[in-house]
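Here the sequence shown is numbered in the numbering used here, starting from 3 and rising by one per residue.
Where is the CB? At the ideal position from N, CA and C, for every residue including glycine.
Computed from a predicted model, the values in this text were never measured in an experiment.
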Amino acid sequence: MCLAALGEIEKLNRHINYLNKFLEMRYEIIQNENLGPAEPDNLPEKPQKITENEKGLNNLILFSRNRQKQTPAASNYNHEMKVYFIRYREYEKACDRYKEALENWVVLSSSFMDACKKDIEQAEQSLKNARRTLSVYNNIISRSYVHAEYQDTNTLAIFKHYLETGRCVDIQDCMNVWADENHWAEIKASQERIENTIYFLQNDTEYTRFADQKINDMLKKINDKPSKLNHEA
Numbered sequence: 003m004c005l006a007a008l009g010e011i012e013k014l015n016r017h018i019n020y021l022n023k024f025l026e027m028r029y030e031i032i033q034n035e036n037l038g039p040a041e042p043d044n045l046p047e048k049p050q051k052i053t054e055n056e057k058g059l060n061n062l063i064l065f066s067r068n069r070q071k072q073t074p075a076a077s078n079y080n081h082e083m084k085v086y087f088i089r090y091r092e093y094e095k096a097c098d099r100y101k102e103a104l105e106n107w108v109v110l111s112s113s114f115m116d117a118c119k120k121d122i123e124q125a126e127q128s129l130k131n132a133r134r135t136l137s138v139y140n141n142i143i144s145r146s147y148v149h150a151e152y153q154d155t156n157t158l159a160i161f162k163h164y165l166e167t168g169r170c171v172d173i174q175d176c177m178n179v180w181a182d183e184n185h186w187a188e189i190k191a192s193q194e195r196i197e198n199t200i201y202f203l204q205n206d207t208e209y210t211r212f213a214d215q216k217i218n219d220m221l222k223k224i225n226d227k228p229s230k231l232n233h234e235a
């Protein structure tokens, strides 16, 4: 029951967060004194056709072929113009809708505000019900036999696995087994950290010895040079 209650609590918390954000958006609309219809997007930019001078002298060689086959540049321009006309028609429709909305904004805004107020009323009631239900599930968790330390979804799922597999016979047994396993897991983790530290210390010692040996060899060579010179003299 605790595990099911925690699952419902998680769902309710998500729903409450959604309702709070929804209400925040509706309150902003109600409080906006300059509310108006959304303006159309910017006018689409018309593609520029490449002139003969811009094409360059190299394209003059293809002049005789242009009558039989369009150049890639011309084909691309035609495609861009088709897209432009489509977007321009959509822009004109958006302008018409915007103009119509402005003309009827007094009626539309009143209807829109009424709808927003109705949304707020329904959302506030839903939020109130969700919080009431959340309180019920929290009481179920607080009055359960499971200690507060183990009242999380992951731990309760482990307890459920213990009971279903017959490893434990009751909640108290589950808490004891979980505590023992968690204790041994901490000991194992500490042991691994100690072993890693020892390993790095050993490597540091070997590197230090190697460096000391190199330094000693260099000092020995430096010291041997004067003795060789004196011997030759």
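Write down the C-beta distance between residue i and residue j rounded to the nearest angstrom, noting that I regard them as a contact closer than 8 Å.
i, j, result
"proline 49", "tyrosine 79", "6 Å"
"leucine 45", "leucine 158", "About 60 Å; that fails the 8 Å criterion."
"isoleucine 160", "tryptophan 180", "6 Å"
"alanine 132", "isoleucine 18", "5 Å"
"lysine 96", "aspartate 154", "According to the sequence as given, residue 96 is alanine; it is not lysine. Rounded, the Cβ-Cβ distance is 52 Å, inconsistent with contact."
"leucine 14", "leucine 136", "5 Å"
From the DSSP output, in three-state form, read off residue i for me.
i, result
"leucine 45", "coil"
"alanine 146", "With the sequence shown as reference, residue 146 is identified as serine, and alanine is not the correct amino acid for it. Coil, per DSSP."
"glutamate 35", "coil"
"asparagine 156", "helix"
"glycine 9", "helix"
"glutamine 50", "coil"
"arginine 69", "With a pLDDT of only 49 at arginine 69, under 50, the local geometry of the prediction cannot be trusted, and the value read off the model is given with reservation. Three-state DSSP puts arginine 69 in coil, outside helix and strand."
"aspartate 172", "coil"
"asparagine 22", "helix"
"asparagine 106", "coil"
"threonine 167", "coil"
"alanine 40", "coil"
Can you list, in chain order, the residues of its chain whose CB lies under 7 Å from that of residue i, leaving out five sequence neighbours each side?
i, result
"leucine 165", "Cys176"
"glutamate 26", "none"
"glutamine 127", "none"
"leucine 110", "Ala103"
"glutamate 10", "Tyr139"
"isoleucine 189", "none"
Cutting at 8 Å between CB atoms, please list the residues of its own chain near residue i, excluding the five before and the five after it.
i, result
"aspartate 121", "Phe24 and Arg28"
"tyrosine 93", "Pro42, Asp43, Leu45 and Pro46"
"cysteine 118", "Arg28, Ile31 and Ile32"
"arginine 16", "none"
"alanine 125", "Leu21, Phe24, Leu25 and Arg28"
"valine 148", "Cys4, Leu158, Phe161, Ile173 and Met177"
Residues in its own chain within less than 6 Å of residue i by CB, not counting five upstream and five downstream?
i, result
"arginine 89", "Pro46"
"isoleucine 63", "Because isoleucine 63 carries a pLDDT of 49, less than 50, the predicted location of this residue cannot be relied on, and the following value inherits that uncertainty. Closer than 6 Å at Cβ, skipping near neighbours: no residue."
"cysteine 170", "Tyr164, Cys176 and Val179"
Inter-stretch contact at 8 Å, needing at least 3 Cβ pairs: the segment 95-108 / the segment 31-39:
The segment 95-108 is in contact with the segment 31-39.
Hey, which unbroken runs of the alpha helix (DSSP H) at 4 residues or more fall wholly within the segment 115-140?
none
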